[in-house]
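Peer 1: These protein sequence lines are chains A and B, in that order. Letter by letter, the first sequence follows residues 1 to 292 of my numbering. Letter by letter, the second sequence follows residues 1 to 324 of my numbering. Glycine residues also receive a C-beta, built at the ideal position from the N, C-alpha and C atoms.
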Amino acid sequence: MDSQPTQPQIAAQSPAREAWIMFRRNVPAVIGVILLVLIVGATLYGSLFYQGDAFSIVWAPHEPPGVTPEFPLGTDYLGRDIVAGLLTGGGPTLAVGLAAAAITMVIGVSFGALAGFYGGWVDNLLMRITEFFQVLPALLFAMVLVTLFSPSLFTIAMAIGVVSWPQTARLTRAEFMKIRELEYVTAARAIGARNRRIIWTVILPNAAPPLIVSATLTIGVAILFEAGLSFLGLGDPNVMSWGLMIGANREYILDAWWPVTFPGLAIFFTVFAVSLIGDGLNDAFNPKLRER
Amino acid sequence: MSRLLEIDDLRVTFRTRYGEVTALDSVSLHVDAGETLGIVGESGCGKSITALSVMGLIPQPPGRIAGGAIRLQGEDIVGASPARLQALRGAEVAMIFQEPMTSLNPVFTIGSQIAEAIMLHQNVGADQAFKDAIALLDRVGIPSPDRRAHDYPHQLSGGMRQRVMIAMAVSCRPKVLIADEPTTALDVTVQAQIFDLLNEIQRDFGAAIVLITHDMGAISEMADRVAVMYAGRVIEEASADDVLDFPQHPYARGLIDCIPALGRPDHRLAEIPGVVPPLHLLGAGCAFAQRCAHRNDRCDREKPSLVNHGRHPVACHGAEESRL
Chain A
1 MDSQPTQPQI
11 AAQSPAREAW
21 IMFRRNVPAV
31 IGVILLVLIV
41 GATLYGSLFY
51 QGDAFSIVWA
61 PHEPPGVTPE
71 FPLGTDYLGR
81 DIVAGLLTGG
91 GPTLAVGLAA
101 AAITMVIGVS
111 FGALAGFYGG
121 WVDNLLMRIT
131 EFFQVLPALL
141 FAMVLVTLFS
151 PSLFTIAMAI
161 GVVSWPQTAR
171 LTRAEFMKIR
181 ELEYVTAARA
191 IGARNRRIIW
201 TVILPNAAPP
211 LIVSATLTIG
221 VAILFEAGLS
231 FLGLGDPNVM
241 SWGLMIGANR
251 EYILDAWWPV
261 TFPGLAIFFT
271 VFAVSLIGDG
281 LNDAFNPKLR
291 ER
Chain B
1 MSRLLEIDDL
11 RVTFRTRYGE
21 VTALDSVSLH
31 VDAGETLGIV
41 GESGCGKSIT
51 ALSVMGLIPQ
61 PPGRIAGGAI
71 RLQGEDIVGA
81 SPARLQALRG
91 AEVAMIFQEP
101 MTSLNPVFTI
111 GSQIAEAIML
121 HQNVGADQAF
131 KDAIALLDRV
141 GIPSPDRRAH
151 DYPHQLSGGM
161 RQRVMIAMAV
171 SCRPKVLIAD
181 EPTTALDVTV
191 QAQIFDLLNE
201 IQRDFGAAIV
211 LITHDMGAIS
221 EMADRVAVMY
231 AGRVIEEASA
241 DDVLDFPQHP
251 YARGLIDCIP
261 ALGRPDHRLA
271 EIPGVVPPLH
281 LLGAGCAFAQ
291 RCAHRNDRCD
301 REKPSLVNHG
311 RHPVACHGAE
321 ESRL
């Protein structure tokens, strides 16, 4: 059977590899990856090349950027080095964003998938629970959770996850209700697939594109949320983060623009990079957009 | 010896906003190994509900099997546990769907989808299953199957996709293969190829085929026996030749007159006036009475039952009286 000389293997690659090939061709997505790698690299290894403690007062307050060579981006209202703040604050910011997005996706997709797939009383029960969380003002609820459990990176990530999953659940439910009725789901049943299998290996991959986009947006929202909590003074005071920098310097924004602008730009570029990657992933995993 | 598949007095009801309607009413059918049973009728007469009942795929609720039995090799599957049904589906009974365009999962390659069907019922590894899938693709006539196995459904034509569906359906050598209008979505030249393939598969695997169709041409090509359905009931049942040459029920006659004849320009194509009545409006009498040219008072009062009045079983008062 296999004695023939092997034909040129055109498509004999795993789906992951094909997706990677597609992804590589997507210029914006590659820009996103480069940007994110630079940001993550800087927050992980920046301290090796740039010495400085984010919390210690090293110079006169409100030194503008580009004036003193030791402090290229200037100092904040207490005279702390902004570059050091950006480098040390990036890790916790990214960690909270990722963890919160992961929690959001896990709870939201599970609730939405079960509700949308089973319908009936399961749907009713899960959606009433979802609505209970949805009607609470998100920021206020997160503030309550954080103060209740004392602010730390973990409780902040948890609080953001707990207040943001309802949208994901709604989105997942809608996708599941739509796909559940399609013929290939009946066909999967007809070959003897179980419900669990149909939910996770038949419907979920087909529902993935909007969920991937939603996940990347959630990372962005979570980073902004963390910034908001820090801005309100509910961040972990012992851990530097971009949000904390913005929050601490907000009162002096009219006197000194740089202590809030640079962390703000850092957040902007991170969210931007993650969105580009999300779009790229979405295209890469859509077989219909692949070249024939 | 018991039949391979036997449907006995099956009654299926659906809850609708008009109340509970009867979608299948005392349907009895059977099919043996190596045999092809054709089920014909217009849209909405209960053909697909019959197929889904056998697969255990009636959506419940709103559907409900209100009575009767479906016996697969003697085992009644009406009351079977969901786990048992899952084990039977694909392994003992498999189904080919009408729309090959939408019956394949768009995000997986066809090879992996067939391999998955194999792994659901057979204790083989992923590599072996994929090899088996390629062999099956070869068997159903897909050229260069080792490369095609890595294609996604949208990269294939409709006929190719239906071949893939057939490969998936026969992957575990089911005893009964239900084909629900397998060629309706395909063009005529491809239809003939698919029928040839089904015939070959049947010869190789010895499966019983239940062919659901509204196309009398398909019946004459494929079926050994035919059941004509109307408004949820079997109204005539006989060998394919018998039904095609000597239809007893006015509805069956009408269906056969609807086949266009080539090379006869003077021949006016017949039609059956009206449509299948909505199931919630079925009265006490014969469901076909309003559309029937031979109706009399008795047709409005009394539902005819499926009785042999000479040639073969038919549910029609007219056929009964003309024999008397």
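Using a Cβ cut-off of 9 Å, pull out every chain B residue sitting near A/Gly193, in sequence order please.
Peer 2: The sequence position of residue 193 of chain A within the first sequence is 193, counting from 1. Note that residue 193 of chain A is Ala in the sequence shown, not Gly. Neighbours of A/Ala193 on chain B, chain order: Gln86, Arg89, Gly90, Glu116, Ala117 and Leu120.
Peer 1: If you reduce the DSSP assignment to three classes, tell me which class A/Pro8 lands in.
Peer 2: In the first sequence, residue 8 of chain A corresponds to position 8, counting from 1. Confidence at A/Pro8 is low in this model, with a pLDDT of 41, below 50, so its placement is unreliable and the value that follows should be read with caution. In the structure shown, A/Pro8 sits in coil (DSSP, three-state: anything other than H, G, I, E or B).
Peer 1: Could you have a look at B/His30 and say whether DSSP puts it in helix, strand or coil?
Peer 2: Taking the second sequence and counting its residues from 1, the one referred to as residue 30 of chain B is at position 30. Reduced to three states, the DSSP call for B/His30 is strand.
Peer 1: Per DSSP, B/Asn308 is paired with what?
Peer 2: Stepping through the second sequence from its first residue, residue 308 of chain B is reached at position 308. Answer is B/Pro313.
Peer 1: Given a cut-off of 8 Å, decide if B/Pro61 and B/Arg15 are closer than it, judged by their beta-carbon atoms.
Peer 2: If you number the second sequence from 1, residue 15 of chain B lands on position 15. If you number the second sequence from 1, residue 61 of chain B lands on position 61. It is a contact, given that the beta carbons lie within the stated cut-off.
Peer 1: How about B/Pro72 and B/Val93: do their beta carbons lie closer than 8 Å?
Peer 2: The sequence position of residue 72 of chain B within the second sequence is 72, counting from 1. The sequence position of residue 93 of chain B within the second sequence is 93, counting from 1. Reading the sequence as shown, one finds Leu at residue 72 of chain B and not Pro. Result yes, Cβ atoms of B/Leu72 and B/Val93 sit closer than 8 Å.
Peer 1: So, is the C-beta of A/Thr186 closer than 8 Å to a C-beta in chain B?
Peer 2: Locating residue 186 of chain A in the first sequence gives position 186, counting from the first residue. It does; some Cβ of chain B falls within 8 Å.
Peer 1: Quick check: the Cα distance between A/Thr246 and A/Ala266, rounded to an integer number of angstroms?
Peer 2: Counted from its first residue, the first sequence places residue 246 of chain A at position 246. Counted from its first residue, the first sequence places residue 266 of chain A at position 266. The sequence as given places Ile at residue 246 of chain A; Thr does not occur at that position. A/Ile246 and A/Ala266: Cα-Cα distance of roughly 11 Å.
Peer 1: So, using beta-carbon positions, are B/Ala240 and B/Ile219 closer together than 8 Å?
Peer 2: Against the second sequence, residue 240 of chain B aligns to sequence position 240. Against the second sequence, residue 219 of chain B aligns to sequence position 219. Contact flag set, yes.
Peer 1: Could you tell me whether any Cβ in chain B is nearer than 8 Å to the Cβ of A/Leu171?
Peer 2: The residue you call residue 171 of chain A lines up with position 171 of the first sequence. With 8 Å as the cut-off, A/Leu171 does not count as an interface residue toward chain B.
Peer 1: Give the interface partners of A/Val202 over in chain B, defined as CB-CB distance under 7 Å, in chain order.
Peer 2: Residue mapping note: residue 202 of chain A aligns to position 202 of the first sequence, counting from 1. Asn105, listed in chain order.
Peer 1: Near A/Gly90, which residues of its chain fall below 6 Å by C-beta distance, leaving aside the five closest residues on each side in sequence?
Peer 2: Residue mapping note: residue 90 of chain A aligns to position 90 of the first sequence, counting from 1. Taken in chain order, the residues that qualify are Thr43.
Peer 1: Taking A/Phe272 as the reference, which of A/Leu281, A/Thr216 and A/Leu229 has the closest Cα?
Peer 2: The count along the first sequence starts at 1 and reaches residue 272 of chain A at position 272. The shortest Cα separation from A/Phe272 among A/Leu281, A/Thr216 and A/Leu229 belongs to A/Thr216.
Peer 1: Going by beta-carbon coordinates alone, are B/Ser53 and B/Leu24 separated by less than 8 Å?
Peer 2: Within the second sequence, residue 53 of chain B is the residue found at index 53, counting from 1. Within the second sequence, residue 24 of chain B is the residue found at index 24, counting from 1. It is a contact, given that the beta carbons lie within the stated cut-off.
Peer 1: Can you pull the chain B residues whose beta carbon is under 7 Å from the beta carbon of A/Pro205, in chain order?
Peer 2: Taking the first sequence and counting its residues from 1, the one referred to as residue 205 of chain A is at position 205. Near A/Pro205 (Cβ distances below 7 Å), the residues of chain B are Val107.
Peer 1: Under a Cβ-count criterion, where at least 16 other Cβ atoms within 10 Å of its own Cβ denotes burial, should A/Met157 be classed as buried or exposed?
Peer 2: Counting from one through the first sequence, the residue named residue 157 of chain A turns up at place 157. The question names Met, yet the displayed sequence has Ala at residue 157 of chain A. Flag for A/Ala157 reads buried.
Peer 1: Could you check whether the segment 169-186 of chain B touches the segment 120-140 of chain B, counting it as contact only if at least three pairs of C-beta atoms, one from each stretch, sit closer than 8 Å?
Peer 2: Touching, yes.
Peer 1: Quick one: is B/Ala80 near chain A, going by C-beta distance under 8 Å?
Peer 2: The count along the second sequence starts at 1 and reaches residue 80 of chain B at position 80. It does not: the Cβ of B/Ala80 has no partner Cβ on chain A nearer than 8 Å.
Peer 1: Leaving out five residues on either side along the sequence, give the residues of the same chain with a beta carbon under 7 Å from the beta carbon of B/Pro260.
Peer 2: On the second sequence, position 260 is the one that residue 260 of chain B refers to. Leu269.
Peer 1: Keeping to the same chain, check which residues put their C-beta closer than 6 Å to that of B/Leu198; ignore five residues upstream and five downstream.
Peer 2: By 1-based counting over the second sequence, the position of residue 198 of chain B is 198. No residues qualify anywhere along the chain.
Peer 1: Could you compute how far the alpha carbon of B/Val188 sits from the alpha carbon of B/Met160?
Peer 2: Position 188 of the second sequence, counted from the start, is the residue given in the question as residue 188 of chain B. Position 160 of the second sequence, counted from the start, is the residue given in the question as residue 160 of chain B. The alpha-carbon atoms of B/Val188 and B/Met160 are separated by roughly 14 Å.
Peer 1: Does the segment 171-181 of chain A touch the segment 202-217 of chain A, meaning 3 or more C-beta pairs lie closer than 8 Å?
Peer 2: The segment 202-217 of chain A, when compared against the segment 171-181 of chain A, does touch it at the 8 Å Cβ threshold.
Peer 1: A/Pro151 to A/Gly119, Cα distance in whole Å?
Peer 2: Position 151 of the first sequence holds residue 151 of chain A. Position 119 of the first sequence holds residue 119 of chain A. Roughly 38 Å between the two C-alpha positions.
Peer 1: Is any non-hydrogen atom of the ligand HEM found closer than 7 Å to the C-beta of B/Asp8, if you look at the structure I gave you?
Peer 2: This structure simply doesn't include the ligand HEM, nor any ligand for that matter.
Peer 1: Measure from the alpha carbon of B/Asp151 to the alpha carbon of each residue in B/Pro313, B/Ala126, B/Ile178 and B/Phe108, then state which is nearest.
Peer 2: For this step, residue 151 of chain B is matched to residue 151 along the second sequence. Among B/Pro313, B/Ala126, B/Ile178 and B/Phe108, the Cα nearest to that of B/Asp151 is on B/Phe108.
Peer 1: Taking buried to mean at least 16 other C-beta atoms within 10 Å of its own C-beta, is B/Ala167 buried or exposed?
Peer 2: As a first step, residue 167 of chain B is located in the second sequence; it is residue number 167 there, counting from the start. It is buried - the Cβ of B/Ala167 has at least 16 other Cβ atoms within 10 Å.
Peer 1: Using a Cβ-Cβ cutoff of less than 6 Å, which residues in the same chain neighbour A/Phe225 once the five nearest sequence positions on both sides are dropped?
Peer 2: Here residue 225 of chain A is taken as the residue at index 225 of the first sequence, counted from 1. Excluding residues within five positions, the ones whose Cβ falls inside 6 Å are Ile160.
Peer 1: Please say whether B/Glu35 and B/Asp224 have beta carbons closer to each other than 8 Å?
Peer 2: Working through the second sequence from its first residue, we reach residue 224 of chain B at position 224. Working through the second sequence from its first residue, we reach residue 35 of chain B at position 35. Contact flag set, yes.
Peer 1: At which residues does the alpha helix (DSSP H) containing A/Leu145 begin and terminate?
Peer 2: Taking the first residue of the first sequence as 1, we reach residue 145 of chain A at position 145. Unbroken alpha helix (DSSP H) run through A/Leu145: Ala138 to Leu148.
Peer 1: Give me the chain A residues within the contact set of B/Phe97, using Cβ-Cβ distance strictly less than 8 Å, ordered along the chain.
Peer 2: Position 97 of the second sequence, counted from the first residue, corresponds to residue 97 of chain B. What B/Phe97 touches in chain A: Glu183, Thr186, Ala187 and Ala190.
Peer 1: What does a CB cutoff of less than 8 Å around B/Met55 pick up in its chain, not counting 5 residues either side in sequence?
Peer 2: Indexing the second sequence from 1 puts residue 55 of chain B at position 55. Arg89, Val93, Met95 and Ile178, listed in sequence order.
Peer 1: Let me know the secondary structure DSSP gives A/Glu251 once reduced to three states.
Peer 2: If you number the first sequence from 1, residue 251 of chain A lands on position 251. Three-state DSSP puts A/Glu251 in a helix.
Peer 1: Straight-line CA distance for A/Thr93 to A/Leu148?
Peer 2: Taking the first residue of the first sequence as 1, we reach residue 93 of chain A at position 93. Taking the first residue of the first sequence as 1, we reach residue 148 of chain A at position 148. Going by the C-alpha atoms only, they are around 21 Å apart.
Peer 1: What residue range does the alpha helix (DSSP H) around A/Glu175 cover?
Peer 2: By one-based count along the first sequence, residue 175 of chain A stands at place 175. Here the alpha helix (DSSP H) through A/Glu175 covers Leu153 to Arg180.
Peer 1: Just to confirm my understanding: we take B/Ala126, look at its own chain, exclude 5 residues before and 5 after, and list those with CB closer than 8 Å. What are they?
Peer 2: By one-based count along the second sequence, residue 126 of chain B stands at place 126. Cβ neighbours of B/Ala126 beyond the five flanking positions: Ala115 and Met119.
Peer 1: With DSSP as the reference, identify every bridge partner of B/Ile178, one or two as the case may be.
Peer 2: By one-based count along the second sequence, residue 178 of chain B stands at place 178. B/Ile178 pairs with B/Met95 and B/Val210.
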